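Heads up, the sequence shown stops at 399 in our numbering, and the numbers go up one at a time, no gaps. One structure below.
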Amino acid sequence: MNSGTPRTIRARAVRLIRGRGVRQRPGIADEADLQRAEQLVAQALHGDASLLWTGDKRVFFSSEGNAFVMFQIRGRSWVVMGDPIGTPDEFDDLLSRFVAECDRRSGRPVFYCVRESNAERYRRVGLSLHKLGEEAVIDLAAFSMQGGHRAKLRSELRAAAKLGCAVEVLAPEDVPAVLPALREVSDVWLSERKVKEKSFSLGAFDDAYVARFPVAVTRRNGKIIAFASLWASGGGGEVKVDLMRRRSDAPRTVMSQLFVESMLWAQAHSYSTFSLGMAPLSGLCRDEAAPFWERVGHFLHLHGEHFYNFQGLRQFKVRFKPDWQPRYIAARGGPGMPMALLNVICLVSGGLRGALPVTGVNRPGKKTRVEPEQAVESLPPAEASLVGLAS
9 MNSGTPRTIR ARAVRLIRGR GVRQRPGIAD EADLQRAEQL VAQALHGDAS
59 LLWTGDKRVF FSSEGNAFVM FQIRGRSWVV MGDPIGTPDE FDDLLSRFVA
109 ECDRRSGRPV FYCVRESNAE RYRRVGLSLH KLGEEAVIDL AAFSMQGGHR
159 AKLRSELRAA AKLGCAVEVL APEDVPAVLP ALREVSDVWL SERKVKEKSF
209 SLGAFDDAYV ARFPVAVTRR NGKIIAFASL WASGGGGEVK VDLMRRRSDA
259 PRTVMSQLFV ESMLWAQAHS YSTFSLGMAP LSGLCRDEAA PFWERVGHFL
309 HLHGEHFYNF QGLRQFKVRF KPDWQPRYIA ARGGPGMPMA LLNVICLVSG
359 GLRGALPVTG VNRPGKKTRV EPEQAVESLP PAEASLVGLA S
């Protein structure tokens with residue numbers, strides 16, 4: 009249409025195009041969807057099923073309704089957060105239906121941060137897997153603070169205790185009473201780092217959202233100086249850290265103390281694993297015969313310190329002696345992959361601006377030491393992986 013087209017015709021055309029766009033995109037999950045999905049989340053083995061409650065996702069069910077995926081749409085990419093949730097016997101049907109729906113609506117199916125256990129399911133629907141990094145997972149049945157390999161951690165915990173720091177894990181019903189104090193810590197944390205809340209793969213500080221979960225708080229002389237909200241799987245399988253924030257004047261060892269006490273709490277409550285989150289671009293192959301994706305990732309892991317303290321993130325988590333488990337993006341290869349990655353970055357970071365390096369990380373030509381405790385708070389690791397691999 010040009011400038012000579014009557015205004016009323018142009019207006020009708022715009023309404024028609026917008027109407028078609030709305031029909032082509034499923035809406036955010038409504039109350040009925042959430043009620044159906046809640047029953048499945050209650051039995052989920054992995055803590056990240058709790059991302060259902062961020063309020064920014066759509067849901068798509070299997071034919072029988074006993075499994076679902078949660079996703080968001082950015083550009084043409086229908087980006088699923090994690091693996092399917094629910095009855096495994098219905099996963100194949102669910103994935104086939106979801107990919108077919110994407111194709112029907114000219115969408116691009118992308119599964120973000122998935123596990124190797126479902127790799128064959130993704131391949132059967134025409135998707136290939138590309139490694140993001142490795143998730144640090146603690147086997148709580150074997151976890152102990154005894155032995156020489158825990159000596160440094162014990163020393164850090166004693167140092168924190170001598171400075172008057174103590175950790176308590178609050179049940180969800182006890183969280184509302186401390187929400188003002190938690191928000192104060194969170195607001196200062198965001199302001200000092202000049203960052204905004206992330207989304208999609210992490211929660212954001214919202215009173216109703218935070219109060220759904222257990223929260224580990226560190227107090228010093230009665231004042232909350234750090235906290236971590238914990239996703240606890242309904243099936244008693246996994247506890248995983250979501251939001252993690254502290255005051256800038258908190259002792260250096262406060263994060264180690266917060267993590268260890270959270271692990272001991274999860275162990276005492278009979279959970280099987282505790283996830284420390286991902287270390288980006290780790291465990292990728294340097295061999296010339298390796299896929300281009302992995303060779304780029306290996307290079308960035310070694311040389312990306314100018315932009316993100318990748319090795320600092322891994323260094324912090326190594327001290328807990330975790331099992332490193334690979335995590336992937338499942339998507340179709342080809343020329344559409346870079347755009348799919350950019351779409352994912354925008355979802356996770358709240359836009360490309362949010363994915364830029366944050367205050368406190370190394371800059372080109374400047375040797376700046378960043379402590380592992382700072383690195384672990386600076387950037388969602390999988391997001392760092394995507395920033396490098398999409399460039």
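Yeah, the Cβ is synthetic: ideal placement off N, Cα and C, and Gly gets one too. Note that this is a predicted model, so its numbers are computed, not measured.
Legend entry - Collapsed DSSP secondary structure at V249 in the structure displayed: If you number the sequence shown from 1, residue 249 lands on position 241. V249 falls in the strand class under three-state DSSP.
Inset, instruction - Taking P330 as part of the beta strand (DSSP E), name the residues at either end of that continuous run. - result: For the purposes of this step, residue 330 is taken as the residue at position 322 of the sequence shown. Unbroken run through P330: none, as it is neither H nor E.
Inset, instruction - Would you kindly work out how many angstroms separate the C-alpha atoms of S136 and L102, rounded to a whole number? - result: Here residue 136 refers to the residue found at position 128 when the sequence shown is read from its first residue. Here residue 102 refers to the residue found at position 94 when the sequence shown is read from its first residue. When the Cα atoms are used, S136 and L102 turn out to be separated by approximately 17 Å.
Inset, instruction - Look at E142 and P334 and say whether their C-beta atoms are less than 9 Å apart. - result: Position 134 of the sequence shown, counted from the start, is the residue given in the question as residue 142. Position 326 of the sequence shown, counted from the start, is the residue given in the question as residue 334. In this structure, P334 lies closer than 9 Å to E142 by Cβ.
Inset, instruction - State the DSSP-derived secondary structure class of A52, mapped to helix, strand or coil. - result: Here residue 52 refers to the residue found at position 44 of the sequence shown. Note: A52 maps to coil in three-state DSSP.
Inset, instruction - Determine the closest residue to Q154 out of V268, V356, A75, S194, with distance taken between C-alpha atoms. - result: Indexing the sequence shown from 1 puts residue 154 at position 146. Comparing Cα positions, the closest option is V268.
Inset, instruction - Report yes if the CB atom of S70 is closer than 9 Å to the CB atom of G55, and no otherwise. - result: As a position in the sequence shown, residue 70 is number 62, starting the count at 1. As a position in the sequence shown, residue 55 is number 47, starting the count at 1. Going by C-beta atoms, S70 is not nearer than 9 Å to G55.
Legend entry - D215 - DSSP class collapsed to helix/strand/coil: To locate residue 215, count along the sequence shown from 1; it is residue 207. Here D215 sits in helix by DSSP.
Inset, instruction - Please confirm whether D8 and R253 have their CB atoms less than 9 Å apart. - result: Given a span of 9 to 399 for the chain in the structure shown, any question on residue 8 remains unanswerable.
Inset, instruction - Could you tell me if A75 is buried or exposed, where buried requires 16 or more neighbouring beta carbons within 10 angstroms of its beta carbon? - result: Within the sequence shown, numbered from 1, the residue matching residue 75 stands at position 67. The residue is buried, with at least 16 neighbouring Cβ atoms inside 10 Å.
Legend entry - Top-ranked residue by Cα proximity to D41, from V67, L53, L251: Working through the sequence shown from its first residue, we reach residue 41 at position 33. Ranking the options by Cα distance to D41, first place goes to V67.
Legend entry - 8 Å Cβ shell around L178 - same chain, five flanking residues per side excluded: Sequence index remark: in the sequence shown, residue 178 carries index 170 (1-based). V186, P222, V223, A224, V225, listed in sequence order.
Inset, instruction - Would you check if there are 3 or more beta carbon pairs closer than 8 Å linking the segment 101-120 to the segment 76-87? - result: yes
Legend entry - For P188, three-class secondary structure by DSSP: If you number the sequence shown from 1, residue 188 lands on position 180. Helix at P188.
Legend entry - Residue range of the unbroken beta strand (DSSP E) whose run includes R158: Taking the sequence shown and counting its residues from 1, one reaches residue 158 at position 150. Taken as a continuous stretch (DSSP letters only), R158 belongs to no beta strand (DSSP E), as it is neither H nor E.
Legend entry - Proximal residues to R255 (C-beta, below 8 Å), its chain only, five neighbours per side dropped: By one-based count along the sequence shown, residue 255 stands at place 247. Excluding positions up to five away in sequence, the list reads V193, V196, W197, I233, A234.
Legend entry - Proximal residues to P330 (C-beta, below 8 Å), its chain only, five neighbours per side dropped: One-based indexing of the sequence shown puts residue 330 at position 322. Excluding residues within five positions, the ones whose Cβ falls inside 8 Å are A144, V145, I146, L284.
Legend entry - Residues that Y120 bridges to, as DSSP identifies them: Position 112 of the sequence shown holds residue 120. Paired residues: M89, I337.
Legend entry - Same chain, Cβ closer than 7 Å to W61, neighbours up to 5 away in sequence not counted: For the purposes of this step, residue 61 is taken as the residue at position 53 of the sequence shown. Excluding sequence neighbours, W61 sits near Y217, R220.
Legend entry - Cut-off 7 Å between Cβ atoms - residues of its own chain near S261, not counting five sequence neighbours on either side: Taking the sequence shown and counting its residues from 1, the one referred to as residue 261 is at position 253. The sequence as given places Thr at residue 261; Ser does not occur at that position. Here the set comprises E164, A167, A168.
Legend entry - Check whether S207 and D64 have beta carbons under 9 Å apart: Taking the first residue of the sequence shown as 1, we reach residue 207 at position 199. Taking the first residue of the sequence shown as 1, we reach residue 64 at position 56. Between S207 and D64, the C-beta spacing is below 9 Å.
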